[in-house]
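So the structure is just underneath, and the comments pick up after that.
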Amino acid sequence: MMRKRFPLLSGALAAGAVFATPVQADDPRIVSSVLPIHGLVAGLVDDVMQADVLLPPDASPHGYSMRPSEARRLQNADVVVWVGPDLETFLESPLRNQGEGTTVVTLMEDMELDLLSTRSGGVWEPHDHDHDHDAAHEEAHEEGHGGEHDHGHDHEHGHDHDHGHDHDQGHDRDHGHDHGNGHRDAHIWLSPDNARAIVTQLADRLGENFPDKAGALEDNRDRMLGRIDEFDADLKERLEPVRGEAFVVFHDAYQYFEAHYGLNAAGSITVDPSRSPGARRISELRDRLSADDVTCLFTEPQFRPALAETIVEGHATRLGELDPVGVDIQPGPDAWFELMDDLADGFLDCMKRE
């Protein structure tokens, strides 16, 4: 059971308020594409604007087909916030046809964020957060005979500048410009620094668009930034005991979190969880486990762990579970905090030594 260590936002998620922050019906409506981004937005606009989330929490944003009700929700939005085409490919066409009265905020393009390049699957060198194009191409070729992309998030990251990770250790620090190369990690919300940047810059953008709401947005911005700072400091302290523990993930979705908190990822089974890894990948990972220093292999709730069980068979490596999108989390102003708290618990439950 999740152990909440962060202050719940007063009045948040009143009974029955599943997809929206309760405000007046004529207040502006802001729709976020995915739950983690919605959580940040909902905290910023709490009691100021109507905050909706578009995708169900258990849906993959890559190749998703909107229901008619979701298409209407998008069309009726005053503001749409999405990560960008690196993640929600299904939104590219609808947003091109969005009415002129809608403000569209593409986080990876419109905001100054710290972004990371995608990594190839398989074994990584310690703190290697930026594999070259040839490695990524080889990875795609090995897995390229599988199914369609399902969870295909390209990945990006922002992290604190004071966590023992020098900026020359292979981080592709892309600050929101000259994008579209298709090799960016789009899990930007897993960096508290990016979370702060999103809240701060979006408050400015919304204040310009809705000047009568600017004062309330500034108050909420300051409150959210204070919550993030307090929460981030707590996570750093909690995760300190497992910083040196090596682990492997099923799906490479966590490098923003890893880099910010100094965690020691040793590899991933796959970049795209809809594609089965090749025999070479599995052999490589099993050899890595044989070094006896990989504490855990993490699966995800959306995917059966049979392959992970095969990989750890005969090794001391334990199985754990991580969820980068918050499948079981209710929308609202606490969603981002719950997601990050659950991730910390997932790492600690599996890797912390007795």
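Under mature numbering (1 follows the signal peptide of the UniProt record, and there is no 0), read the sequence shown as residues -25 to -1, 1 to 329, first letter to last.
Positions of the beta carbon are idealized from the N, C-alpha and C atoms, including for glycine.
Of the residues the options, which one's Cα is nearest the Cα of residue i?
i	options	result
Ala17	Gln50, Met83, Leu181 and Gly219	Leu181
Pro252	Ala240, Ser8, Ala161 and Asp227	Asp227
Asp316	Asp209, Ser92, Pro186 and Pro32	Asp209
Between the alpha carbons of residue i and residue j, how many angstroms are there, rounded?
i	j	result
Gln277	Leu297	10 Å
Ile163	Leu10	13 Å
Val54	Lys211	34 Å
Asn195	Glu45	27 Å
Gly307	Val300	14 Å
Asp129	Arg171	Confidence is the limiting factor: at Asp129 the pLDDT is only 38, short of 50, which leaves the residue's position unreliable, though a coordinate-based value still follows. Taking the straight line from one Cα to the other gives about 21 Å.
Gly295	Phe225	10 Å
Arg42	Asp207	36 Å
His13	Ala283	31 Å
Asn51	Trp57	15 Å
Gly237	Asp268	17 Å
Gln305	Leu264	36 Å
Asp21	Pro3	12 Å
Val79	Leu70	8 Å
Glu84	Asn169	13 Å
Glu205	Arg255	44 Å
Gln25	Phe65	23 Å
Phe232	Gly219	15 Å
Glu118	Ser258	Low confidence applies to Glu118: its pLDDT is 42, below 50, so where it sits in the model is not reliable, and the reading given next is rough at best. Those two C-alpha atoms are separated by around 14 Å.
Gly133	Thr81	Because Gly133 carries a pLDDT of 37, less than 50, the predicted location of this residue cannot be relied on, and the following value inherits that uncertainty. The straight-line gap from Cα to Cα measures roughly 16 Å.
Ser8	Gly59	10 Å
Pro216	Arg328	8 Å
Leu200	Val174	8 Å
Asp309	Asp303	13 Å
Phe322	Arg198	28 Å
Thr77	Asn184	11 Å
Arg94	Ile286	20 Å
Thr245	Thr274	11 Å
Pro186	Gly74	21 Å
Glu203	Gly38	The amino acid at residue 203 is misidentified as Glu; the sequence shows Ile. Cα-Cα distance, rounded: 32 Å.
Which term fits residue i, buried or exposed, when burial requires 16 or more other beta carbons within 10 angstroms of its beta carbon?
i	result
Cys325	buried
Ala281	exposed
Asp1	exposed
Ala266	exposed
Ser166	buried
Glu313	buried
Ser40	exposed
According to the Cβ coordinates, are residue i and residue j closer than 7 Å?
i	j	result
Met86	Gln176	yes
Pro36	Glu67	no
Thr292	Leu272	yes
Asp27	Arg47	no
Ala178	Leu19	yes
Asp61	Ala161	yes
Val23	Ala191	yes
Val223	Ala234	no
Leu88	Arg159	no
Against chain D, does residue i count as a neighbour if the rule is that its beta carbon must be under 7 Å from one of theirs?
i	result
Glu67	Of the protein chains in the structure, only one exists, and it is not chain D.
ask   = Which parts of the region 21 to 71 are runs of the alpha helix (DSSP H), unbroken and 4 residues or longer, counting only runs that do not cross its ends?
value = 43 to 50 and 67 to 71
request  = Pick out the complete alpha helix (DSSP H) segments inside the region 222 to 258, 4 residues or longer, and give them in chain order.
outcome  = For the alpha helix (DSSP H) assignment, the uninterrupted runs of no fewer than 4 residues enclosed by the region 222 to 258 are, from N- to C-terminal side, 230 to 236.
inquiry  = Runs of 4 residues minimum, wholly inside the region 172 to 229: which ones carry the alpha helix (DSSP H) assignment?
reply    = 189 to 214
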